[in-house]
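What follows is a short report on a single structure.
Protein chains: 2
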Amino acid sequence: MNDLLIQNIEKSLQLSKPELDELCSYFEPKVIRKKEFLLTQGSVCKFEGFVLEGCFRVFILDKKGKENTLYFAIKDWWLMDIDSFMNQKPSNLNIQALEDSKVLLINRKDKLTLYDAIPATEKLFRIMSQKAIVAWQRRLINNHCQTAKERYHDFVTTYPNIVSKLTDKQIASYLGITHEFLSKIKKSSKDL
Amino acid sequence: MNDLLIQNIEKSLQLSKPELDELCSYFEPKVIRKKEFLLTQGSVCKFEGFVLEGCFRVFILDKKGKENTLYFAIKDWWLMDIDSFMNQKPSNLNIQALEDSKVLLINRKDKLTLYDAIPATEKLFRIMSQKAIVAWQRRLINNHCQTAKERYHDFVTTYPNIVSKLTDKQIASYLGITHEFLSKIKKSSKDL
DNA sequence: AAAAACAGTTGAACAAGTTCAACTCTAGTA
DNA sequence: TACTAGAGTTGAACTTGTTCAACTGTTTTT
Chain Y
179 MNDLLIQNIE
189 KSLQLSKPEL
199 DELCSYFEPK
209 VIRKKEFLLT
219 QGSVCKFEGF
229 VLEGCFRVFI
239 LDKKGKENTL
249 YFAIKDWWLM
259 DIDSFMNQKP
269 SNLNIQALED
279 SKVLLINRKD
289 KLTLYDAIPA
299 TEKLFRIMSQ
309 KAIVAWQRRL
319 INNHCQTAKE
329 RYHDFVTTYP
339 NIVSKLTDKQ
349 IASYLGITHE
359 FLSKIKKSSK
369 DL
Chain F
179 MNDLLIQNIE
189 KSLQLSKPEL
199 DELCSYFEPK
209 VIRKKEFLLT
219 QGSVCKFEGF
229 VLEGCFRVFI
239 LDKKGKENTL
249 YFAIKDWWLM
259 DIDSFMNQKP
269 SNLNIQALED
279 SKVLLINRKD
289 KLTLYDAIPA
299 TEKLFRIMSQ
309 KAIVAWQRRL
319 INNHCQTAKE
329 RYHDFVTTYP
339 NIVSKLTDKQ
349 IASYLGITHE
359 FLSKIKKSSK
369 DL
């Protein structure tokens, strides 16, 4: 059952079999039904999650109540509010399952224990964090340097297996536009 | 001379005196004159930098040749293109000194050596990377959830000591707007 | 000291994206 | 089977932000 987690870890760092076994033992599986929340704003994020099955959406509500999606997470993606998790402060984010899903969770105490128990995990999460920075940096660049239409086509071609699980409303909230405007973008793309 | 670096490190992790001394010994000071580049797009980022004095701007040119600032770095900030540095691929970014500046640089080989020589640096850079993720996440949220006017006032009040070193053109390129529009924002803010 | 280059302001026309309202279609539920 | 809620489309009016051009003032360079 942890094969997927192990594969994911080994993309960043090679660990010994006993290390992998111990590492995996800290994670607890959890099933989340469609539309249920793994985290709601105002509560502290107590876990770091790895998605085994299904699909999640991490979003924030702005002042006007509009939903703004930071990212989606499907199988093989990590999931958390790192700001809330690190600083143990109430989260601004909501994490909701878009379909029946399964995750592996590790809580904060266990994660801190893990760093001491298996020193190699420091390197592991250092590398994974650096990859995350790269991803965030690219996301900001895309947002600044491209029009909505370009961002849409980029997203659809880069993440077809995520897009196939999403409604246009959810895609629009990720792109930072209204779903009405996305509809117009799609139309103008067809008309070529 | 390394006092500032040591203070910065200790915000993330307490290290022993010998560890700090060895760590610091890997960094080389470098003086950069105003308008000179520490990194230009197309070349591989060979260093990770820590600013001792002065001010830098990290920007990307979009298809239309418009400059888009990812972030500024003054005294006590870190500086690099992590995508290029990690993956040893040509950078899309430019890093330019906005005034005569001084940095401490560590190159890639030394950084990798450092992780082996001082295991605690794994934890150190793991923590620093996680802080960077938080910062990028906040930047994206600001961009998505606020108008240009709100972003401007936020930036000015959050980073007054950076803003004081910048022209309005540079501020606009960070906010993701034209400098003409920033000028209009400033006018409409005065007129209240 | 003059010339050139750059920073900032303003206005007018324009483009990108939003808002609101009406409508269609589909999927889930009583 | 009918009802309802949600997803998607479209149009018209609107707001936010861009583009271009002209002008002013300030640095830098010669």
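Taken in sequence, the protein lines are chains Y and F. To convert, count from 1 in the first sequence and add 178; that's my numbering. To convert, count from 1 in the second sequence and add 178; that's my numbering. For every residue, glycine included, the Cβ atom is placed at its ideal position computed from N, Cα and C. Since we're looking at a predicted model, the values are computed, not measured.
Exposed unless 16 or more other CB atoms sit within 10 angstroms - verdict on Ala350/Y: buried
Residue-chain proximity (Asp254/Y, chain F), Cβ-Cβ < 9 angstroms: Not closer than 9 angstroms to any Cβ of chain F, the Cβ of Asp254/Y fails to qualify, so no.
Test item: CB-CB of Gln219/F and Leu276/F under 9 angstroms: no
Nearest candidate by alpha-carbon position, reference Pro196/F, set Val222/F, Ile296/F, Lys212/F: Ile296/F
CA-to-CA distance, Leu290/Y to Ser262/Y, given in whole angstroms: 15 angstroms
Inter-residue spacing [alpha-carbon to alpha-carbon] between Asn320/F and Leu193/Y: 38 angstroms
Spatial neighbours of Leu230/F in its chain, beta-carbon cut-off 7 angstroms, leaving aside the 5 residues before and after: In its chain, beyond the 5 residues on either side, Leu182, Lys253, Lys280, Val281, Leu282 have a beta carbon closer than 7 angstroms to the beta carbon of Leu230/F.
Cβ neighbour criterion (16 or more within 10 Å) applied to Gln348/F: buried
Distance CB(Ile187/Y)-CB(Gln308/F) smaller than 9 angstroms: no
Whole-number beta carbon distance between His322/Y and Val246/F, since they are thought to touch under 8 angstroms: Note that residue 246/F corresponds to Asn in the displayed sequence, not to Val. So it is a contact: roughly 5 angstroms between Cβ atoms.
Beta carbon of Ile284/Y nearer than 9 angstroms to that of Tyr204/Y: Taking 9 angstroms as the Cβ cut-off, Ile284/Y and Tyr204/Y qualify as a contacting pair.
Cβ-based burial, Arg211/F [other Cβ within 10 Å; buried from 16]: exposed
Near-chain F residues of the segment 289-312 of chain Y - C-beta to any C-beta below 8 angstroms: Tyr293, Pro297, Glu300, Lys301, Phe303, Arg304, Ser307, Gln308, Lys309, Ala310, Ile311, Val312
Expected contact under 8 angstroms - CB spacing of Ser221/F and Leu302/F to nearest Å: In fact, because the Cβ distance is near 27 angstroms, the residues do not count as touching under 8 angstroms.
Any chain Y beta carbon closer than 9 angstroms to His331/F: no
Element boundaries [alpha helix (DSSP H), containing Arg329/F]: 326-336
Nonlocal neighbours in the same chain, by C-beta distance under 7 angstroms from Val334/F, ignoring five residues either side: Val341
Exposure of Gly227/F, with buried meaning 16 or more beta-carbon neighbours within 10 Å: Residue environment for Gly227/F: buried (at least 16 other C-beta atoms within 10 angstroms of its C-beta).
Ser203/F (DSSP reduced to helix, strand or coil): Helix.
C-alpha gap between Lys224/F and Val236/F, whole angstroms: Roughly 15 angstroms separates the two Cα atoms.
Proximal residues of chain F, C-beta to C-beta of Gly354/Y below 7 angstroms: His322
Nearest-angstrom Cα separation, counted from Glu206/F out to Leu292/F: 14 angstroms
Cutoff 9 angstroms: Leu360/Y Cβ touching any chain F Cβ: no
CB contact check: Gln192/Y to chain F, cutoff 9 angstroms: no
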